[in-house]
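K.L.:
These protein sequence lines map, in sequence, to chains R and W.
For the first sequence, the working numbering begins at 125 and goes up steadily by one.
For the second sequence, the working numbering begins at 125 and goes up steadily by one.
All C-beta atoms, glycine included, are put in the ideal place defined by N, C-alpha and C.
There are 2 protein chains.
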Amino acid sequence: MGAPKQKWTAEEEAALKAGVLKHGAGKWRTILTDPEFSAILHMRSNVDLKDKWRNINVTAIWGSRQKAKLALKRNLPAPKIDNNHMALSTVVRHDEVLDTKPLAVSGGPLQSTNLKEQISRLQKIKLNISAIYYLMKRN
Amino acid sequence: MGAPKQKWTAEEEAALKAGVLKHGAGKWRTILTDPEFSAILHMRSNVDLKDKWRNINVTAIWGSRQKAKLALKRNLPAPKIDNNHMALSTVVRHDEVLDTKPLAVSGGPLQSTNLKEQISRLQKIKLNISAIYYLMKRN
DNA sequence: CATTAGGGATAGGGTTCT
DNA sequence: TAGAACCCTATCCCTAAT
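1) Can you give me the C-alpha to C-alpha distance between P181(R) and K174(R), rounded to a whole angstrom?
2) Among the candidates T183(R), F161(R), N179(R) and V171(R), whose CA atom is the shortest distance from the CA of L145(R)?
3) What would DSSP say about S169(W), mapped onto helix, strand or coil?
4) Alpha carbon to alpha carbon, how far is W132(R) from K176(W)? Give it in angstroms, no decimals.
5) The alpha helix (DSSP H) with K146(W) in it runs from where to where?
6) Run the CB neighbour count on R168(R), radius 10 Å, all protein chains shown included, and call it buried at 16 or more, exposed below.
7) Beta-carbon within less than 7 angstroms of I164(R)'s beta-carbon, same chain only, minus the 5 sequence neighbours each way: which residues are those?
8) L194(W): buried (16+ other C-beta within 10 angstroms of its C-beta) or exposed?
9) Measure the CB-CB distance between H147(W) and I155(W) and report whether it falls below 8 angstroms.
10) Measuring only the C-alpha atoms, how far is N170(R) from T183(R)?
11) Using 10 angstroms around the beta-carbon of T237(R), count the other beta-carbons present and answer buried if the total reaches 16, otherwise exposed.
12) So what's S162(R) in DSSP terms, helix, strand or just coil?
13) Looking at C-alpha atoms only, which residue of D172(R), W186(R) and A142(R) is the closest neighbour of K129(R)?
14) Kindly indicate which three-state DSSP category A184(W) falls into: helix, strand or coil?
15) Short of 8 angstroms in beta carbon distance, which residues of its chain neighbour S188(W), apart from the five on each side in sequence? Order them along the chain.
16) Could you give the DSSP three-state label for L227(W): helix, strand or coil?
17) When you compare only the Cα positions, how much space is there between G150(W) and T157(W)?
18) How should W152(R) be labelled, buried or exposed, when 16 other C-beta atoms within 10 angstroms of its C-beta is the threshold for buried?
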């Protein structure tokens, strides 16, 4: 039918996370037009960003079931690491509770206004890690 | 305790095919709520329809789903189609010119616009036969 | 007219049952 | 081993509200 379903790459996901960190969740069009991210996200719409962000948070919150499934899969032969998908989301998924302070990222400070309501502490930590990774790859 | 596994009856399958003929493949919820089919398919979900349609086509074309998967992997290494240019590649793929006329099915004309892109010649013939069978049984 | 939030539908990989 | 039925969920679509 329409598009054959565009899977999000790790790079795109990292850019989205960095974008949320910089502009806040809900500012999808702003993130999209920010020259810092527009190159990487140029094939995504603002709605795509919103949907992906929702999905990221959903899986982050109730991750235990996935862990059970993944544990089963670890018995299978080949890990088969895909260049595209491996890096980030897998690294970030080991979510122990950390006690760290949020980092400032590139463009400016956190938009603390409503961000606190939208992002949990744990998520924030993950975002910081993702954003760091993203920025390191860029520079 | 889930589902005791409901086998598809010939009547259900014919209704599904007629539904695809009328509304197009992918319009599962539309087919399901069409009063013309809802009575027969009332114990099926839209996802059931999608799954059944996949099975029908896979066995019709290849003989098995696994073979289809393998074949796809061999033929299309990395399509990665850009969202903006999607229509094209799909159109070009099924470009056989049909000289048989599609049947009109009860409620309305074929949505010929995207149907041509979705159904091959062989499939269409089979669908027509199924639809005739379905309509004969109904009337 | 543009954008976003949220519900809902679809696609496609995976799993279970026969 | 195969094939049919069913599950999981990332992605995509529709609509109301702003």
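P.N.:
With the given structure in hand:
1) Correcting the residue type first, residue 181(R) is Asn in the shown sequence and not Pro. Roughly 11 angstroms separates the two Cα atoms.
2) Among T183(R), F161(R), N179(R) and V171(R), the Cα nearest to that of L145(R) is on F161(R).
3) coil
4) 28 angstroms
5) A134 to H147
6) buried
7) E135, E136 and A139
8) exposed
9) yes
10) Our two residues, N170(R) and T183(R), have alpha carbons roughly 20 angstroms apart in a direct line.
11) Note that T237(R) scores a pLDDT of 41, beneath 50, so its modelled location is shaky and nothing firm can be said.
12) helix
13) D172(R)
14) If DSSP states are grouped into helix, strand and coil, A184(W) belongs with the helices.
15) V182
16) Bear in mind that the predicted position of L227(W) carries a pLDDT of just 38, short of 50, making it unreliable; the figure below should be weighed with that in mind. Coil.
17) 14 angstroms
18) buried
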